[in-house]
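Just below is one structure, and these are the notes that go with it.
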Amino acid sequence: MPKIHVTTTVNGGETEFLCEAHHTLLSVLRDTLGLTGTKEGCGSGDCGACSVNMNGRVVCACLVLAPEAEGATIETVEGLAGEAGMHPVQRAFIETAALQCGFCTPGFMVAAKDLLARNPDPSETEIRYWLAGNLCRCTGYDKIVRAVQKAAREPGRHART
Amino acid sequence: MKDDSQPADYRWVGKRLDRPDGADKVTGRARFGADIHLPGELVGKCLLSPHPHARILRIDTGKARALPGVKAVVTGADFPVLEDRPTPVADYAFNLWDQARTLMARDKVLFDGHPVAAVAATTEDVAQQALALIEVAYEILPHVTDLEAAMAPDAPLLHETMITTGVAPGPAAPSNIVARTMLERGNIDAGFEAADIVVEREFRSKPVHQGYIEPHACIASVAEDGRAELWTCTQGPWIDRAFCAGILGWEMSDLKVVATEIGGGFGGKLTVYDEPIALRLSQLTRKPVRMVMTRSEVLRRTGPTSGSLYRVRLGAKSDGTLVAADCEMILETGAFPGSPLGTARAIAFTHLDIPNLRLSSAEVVSNRPSVQAYRAPGGPITCYAQESVMDEMAEKLGISPFALIRKNAVREGTVSLAGFPLENLGLAQVLDAAEALEHLKTPLGPTQGRGIATSYWKNGGGQTSVSAILNEDGTVNVGIGTPDIGGLRASVSMMVAETMGVPYDKVTTTIADTSQLGFNSFTAGSRTAYAVGLAVVGASKDLIAQVCERAAKMWDLPPEAVDYADGMLRPAGPNAGAHDPVPLATIAAGFAKSGGPIMGKFTTDGPGAGPNFATHIADVEVDPETGGVTVLRYSIVVDVGRAIHPDYVEGQNQGGAAQGIGWALNEEYVYGADGRLQNTGFLDYRMPVAPDLPMIGCTLVEVPNPNHPFGVRGVGEVSIVPSVAAVANAVKDATGLRFFEIPMSPPRVLARIAGARAAKDPSLKPAFR
Ligand code: FES
Ligand code: FES
């Protein structure tokens, strides 16, 4: 089967890859581009471990077909930290112990960063509903909510991607 | 050398420090099971049975083998036939033949999703096509997936020669009942005769899955000379090695198992599934073989924990003295024996002093996947039955659940009926702290209720070996053999830093592979902070003894004339002041001239783990229209001995409670009449999400365990034990109706309320009438 050539921007850099029509963005990120920070927990859009930001929206990379990434701007967990070091969301996750096994963490952070970009001062309920698409089996969500609250208190770092 | 006593104020222990693997885990750098790739790797995939019970007549792999890109196909026939008996592995005994047949069927498939063959191919797509080309001829057999139906005399038999053990005389005919056990103290009949009030109830629960978000994943690489490496997301690389070597008939030194980062386990990653298959495929193809399960495979093939039927009878005098308890526990075990009866039995009524107590149990096979350990195996369902009956008894007596426990609390220094010593208990302190919570004063609305449950967990120790290296610059590398699932590296580094008197950030803790340390038991059984803590403190002291020797040599003093504290060595006693103090780093740097590299070790069988207790308090609201139950408030009070890293201790408890809330309200395996699992994804196997839960209060009570240098008890498991019962008691308090079956999912709650309304049940609370 002839492969499809895709040009996209991943974490600020222009990236090209070849894929087949039925391949997912998640499999390309993880297996073709070696960006294994984005996780697969279900492959069916139910756990959010594969959350990435695509064109300014959080999507489940397991539900995006790889050819749909043509011309898109994608940010994964590997793109959260910048020249100034870790993003406040990343620091807050470490400082509030919002991860236990850490498998859900990349997806939560991608979603949380997007939330704070849209709503810099979310209520607990807003945080919980924004993160409703992300499953964590380890923490009971308490410290994850606290991490997002803590990151929200960090000034000036929530510019929209 | 200074004596062992620890300062009362710790420098590192008890602080909320950043975990050393935090940066890796928030940047995507941490490598989990499916993140490991090797050059030239093949993709391995299993073909799963669509039938719950069938004889395999023939497997034709010819067409699959002929597909370009397919490098190997294996079936059960490609693995050795093993003896059907328990094989000792450290202090465990595993039936490797049962395990071998769980991961690849022989002769019969015993559950929907039972693997019958596996392929290794160049790509995932080719592997999938190859699976579709494998032809399996089945003779379909009658199946049974229901616990009580499986016990019926005419039930289809999974194992035609299985005779129930533990009963005398043994039955003549085979059945699905694996074993029965009975423990008794006092005289149960006399006890109930003396009771003024008796509560007798039955409780049912369904199997639930551990629900770790990371599916099982491994990659195996076998060299031409037969030596092999295996990377896998496991809770116990040494146990995996024992399983794989045993199932394949290999020598242990030929197999190196490397534990990757692990995305949750909760007991579900204590065993092997694809690992021996990947090793066999790699052996045949001489290429690395990577196998990653899908979520539906995880749900169909792995876990879950047992469904259950409990019959509980509790007798009390009218003054609240408990005089007799009788608890029968019948647990599903899936296709092969291995249910958590031992641990279920160990907790039943253990926090209470009841003179006449009988604990009987039975284990039943059915056409479901073999059960695996799930956090406090058997604990939550035992506690659900026990604490529901205790709640009802307290109500009948007109006293609070706290008063009922206090009146009957187990006494210090006794031994439980299951044989566990009950010493240095923190039960009274837990009850004190729980009763003092503001939570209990919060008013409740007409559709709201509050539930309280208390339970015991025995906690584990177990086989552990560790290393500690003093580097040339005075920093320390610690090697442990227990995967870090929730902050273990942090707590180990903290305990080493505290013992060595060096800064936390000068200690690096690494998870070693099976070729680098002696045997290590799992990260499980609430044993790691305890037993690994014992070991790393021991290894730190070994290092201290060695640096004291080096300094003594330098100063020409006997080693005991050297004092070590806070990273400094000083001449002690009569020699005090004879030489200037020397920092640890100086001794470290001078190793080459003082006797060679400085490396410590410690091995232990981990004795003296301390039992603990937890009380959970749940407030719920029940929607009369939908039957939906919302948890409004939740508080945990738990005796942890000593919290090394309080954040992660709280996190364990909050996570355990969240799992229990899911178990109580939503989670269950649903099988169709066709014997197939119907909810094979997270959409239908619905675990709690963030909006389902409130903040979870956690009060850590610290009654130190004297057997641990810092006083640690386990924390991982007690966290889930009272949770289901607390929620069930809260739903009872809200509605007036006690639920004898979990999950209390909306349809079940609604039907129960409707039934009570129709029957004009006076116990139904007004808001639901
Ligand atoms: S892997 Fe995409 S949502 Fe679970
Ligand atoms: S930290 Fe383990 S799943 Fe969230």
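Chains B and U are the protein sequences, given in the same order.
Taking the numbering used here, the leading residue of the first sequence gets 943, the next gets one more, and so forth.
Taking the numbering used here, the leading residue of the second sequence gets 35, the next gets one more, and so forth.
Positions of the beta carbon are idealized from the N, C-alpha and C atoms, including for glycine.
Quick check on the DSSP output: the alpha helix (DSSP H) that includes residue i runs from which residue to which?
i                  : result
Ala-468 (chain U)  : 461-469
Lys-441 (chain U)  : 435-442
Thr-22 (chain U)   : Since the first residue shown for chain U is 35 and the last is 803, residue 22 (chain U) is missing from the structure and cannot be characterised.
Arg-275 (chain U)  : 271-282
Asp-94 (chain U)   : Segment 88-94 is the beta strand (DSSP E) holding Asp-94 (chain U); no alpha helix (DSSP H) there.
Ala-790 (chain U)  : 780-792
Tyr-418 (chain U)  : 413-431
Gly-1049 (chain B) : 1047-1060
Arg-445 (chain U)  : No alpha helix (DSSP H) holds Arg-445 (chain U); DSSP gives it neither H nor E.
Gln-1042 (chain B) : Element bounds for Gln-1042 (chain B): n/a, residue is neither H nor E.
Taking the alpha carbon of residue i as the reference point, which residue from the options has its own alpha carbon closest?
i                  : options                                    : result
Thr-266 (chain U)  : U:Gly-413, U:Ser-316, U:Ala-68, U:Gly-103  : U:Ala-68
Gly-260 (chain U)  : U:Gln-317, U:Glu-295, U:Ala-213            : U:Gln-317
Glu-366 (chain U)  : U:Gln-269, U:Ala-643, U:Ala-790, U:Arg-214 : U:Arg-214
Gly-368 (chain U)  : U:Pro-389, U:Asn-401, U:Ile-776, U:Arg-392 : U:Asn-401
Gln-686 (chain U)  : U:Leu-474, U:Gly-479, U:Ile-754            : U:Ile-754
Val-571 (chain U)  : U:Val-201, U:Lys-635, U:Ala-380, U:Pro-631 : U:Lys-635
Ala-358 (chain U)  : U:Arg-335, U:Ala-382, U:Ala-692            : U:Ala-382
Asp-132 (chain U)  : U:Tyr-490, U:Ile-632, U:Phe-66, U:Thr-305  : U:Thr-305
Ser-757 (chain U)  : U:Ala-127, U:Glu-421, U:Cys-361, U:Leu-264 : U:Glu-421
Tyr-344 (chain U)  : U:Thr-336, U:Cys-361, U:Pro-120            : U:Cys-361
Pro-73 (chain U)   : U:Ile-253, U:Ala-189, U:Ala-164            : U:Ile-253
Glu-331 (chain U)  : U:Ile-247, U:Ala-380, U:Val-291            : U:Ile-247
Asn-210 (chain U)  : U:Leu-191, U:Met-216, U:Pro-102, U:Gln-244 : U:Leu-191
Pro-641 (chain U)  : U:His-742, U:Leu-591, U:Val-683, U:Arg-140 : U:His-742
Glu-1010 (chain B) : B:Gly-979, B:Glu-962, B:Lys-981            : B:Glu-962
Ala-419 (chain U)  : U:Val-398, U:Val-399, U:Leu-393            : U:Leu-393
Ile-486 (chain U)  : U:Asp-681, U:Val-512, U:Ala-648            : U:Ala-648
Lys-49 (chain U)   : U:Val-77, U:Glu-532, U:Ile-433, U:Leu-76   : U:Glu-532
Pro-122 (chain U)  : U:Lys-142, U:Ala-276, U:Ala-207, U:Ile-545 : U:Ala-276
Glu-702 (chain U)  : U:Arg-782, U:Gly-731, U:Val-423, U:Pro-740 : U:Arg-782
Leu-101 (chain U)  : U:Phe-145, U:Val-153, U:Leu-82, U:Thr-61   : U:Val-153
Ser-489 (chain U)  : U:Glu-429, U:Leu-522, U:Ala-410            : U:Ala-410
Under 8 Å between the Cβ atoms of residue i and residue j?
i                  : j                  : result
Leu-618 (chain U)  : Val-581 (chain U)  : yes
Val-752 (chain U)  : Ile-695 (chain U)  : no
Asp-230 (chain U)  : Ala-350 (chain U)  : yes
Pro-728 (chain U)  : Leu-666 (chain U)  : yes
Gly-341 (chain U)  : Ala-378 (chain U)  : no
Cys-989 (chain B)  : Leu-1077 (chain B) : yes
Leu-975 (chain B)  : Thr-957 (chain B)  : yes
Thr-355 (chain U)  : Lys-441 (chain U)  : yes
Pro-241 (chain U)  : Val-399 (chain U)  : no
Cys-1046 (chain B) : Gly-520 (chain U)  : no
Thr-481 (chain U)  : Ala-801 (chain U)  : yes
Tyr-172 (chain U)  : Leu-282 (chain U)  : no
Over the uninterrupted beta strand (DSSP E) stretch that includes residue i, give me the two end residues.
i                 : result
Lys-105 (chain U) : 104-109
Asn-687 (chain U) : Element bounds for Asn-687 (chain U): not the beta strand (DSSP E) but the alpha helix (DSSP H), 680-699.
Tyr-344 (chain U) : 342-350
Val-541 (chain U) : 541-545
Val-581 (chain U) : Element bounds for Val-581 (chain U): not the beta strand (DSSP E) but the alpha helix (DSSP H), 567-589.
Taking only beta carbons into account, state which residues of the segment 1070-1092 of chain B come closer than 9 Å to chain U, listed in chain order.
-> Arg-1070, Tyr-1071, Trp-1072, Leu-1073, Ala-1074, Gly-1075, Asn-1076, Leu-1077, Cys-1078, Arg-1079, Cys-1080, Thr-1081, Gly-1082, Tyr-1083, Asp-1084, Lys-1085, Ile-1086, Val-1087, Arg-1088
Cβ-based contacts, 8 Å cut-off: residues of the segment 104-131 of chain U near chain B | none
Would you list, in chain order, the members of the segment 1050-1072 of chain B that have their beta-carbon closer than 7 Å to a beta-carbon of chain U?
-> Met-1051, Arg-1070, Tyr-1071
Count the CB pairs spanning the segment 615-633 of chain U and the segment 467-480 of chain U that are closer than 8 Å, and state whether there are at least three.
-> no
Would you call the segment 551-560 of chain U and the segment 532-542 of chain U in contact, with 3 or more CB pairs under 8 Å?
-> no
Compile a chain-ordered list of the residues in the segment 516-536 of chain U whose CB is closer than 7 Å to at least one CB of chain B.
-> Ile-519, Gly-520, Gly-521
Any contact of the segment 695-704 of chain U with the segment 720-727 of chain U, i.e. 3+ C-beta pairs under 8 Å?
-> yes
Looking at chain U, which residues of the segment 984-997 of chain B have a Cβ within less than 7 Å of any of its Cβ atoms?
-> Cys-984, Gly-985, Ser-986, Asp-988, Cys-989, Ala-991
Closer than 9 Å, Cβ to any Cβ of chain B: which residues of the segment 51-68 of chain U, in chain order?
-> Asp-52, Arg-53, Asp-55, Gly-56, Ala-57, Asp-58, Lys-59, Val-60, Thr-61, Gly-62, Arg-63, Ala-64, Arg-65, Phe-66, Ala-68
Pull out every residue of the segment 274-295 of chain U whose Cβ sits closer than 8 Å to any Cβ of chain B, in chain order.
-> Glu-295
Chain B contacts made by the segment 700-726 of chain U, where a contact means CB separation under 7 Å = Gly-715, Phe-716, Leu-717, Met-721, Val-723, Ala-724, Pro-725
Inter-stretch contact (C-beta, 8 Å, three-pair minimum) for the segment 646-660 of chain U and the segment 447-462 of chain U | yes
Residues in the segment 1022-1038 of chain B having any Cβ partner in chain U nearer than 9 Å | Leu-1022, Ala-1023, Met-1028, His-1029, Val-1031, Gln-1032, Arg-1033, Phe-1035, Ile-1036, Glu-1037, Thr-1038
Cβ contact check for the segment 293-304 of chain U and the segment 56-66 of chain U: 3 or more pairs under 8 Å = yes
Under 9 Å (Cβ pairs) to chain U, residues found in the segment 1004-1019 of chain B | Thr-1018, Val-1019
Any chance the segment 91-102 of chain U sits against the segment 1063-1078 of chain B, with 3 or more Cβ pairs inside 8 Å?
-> no
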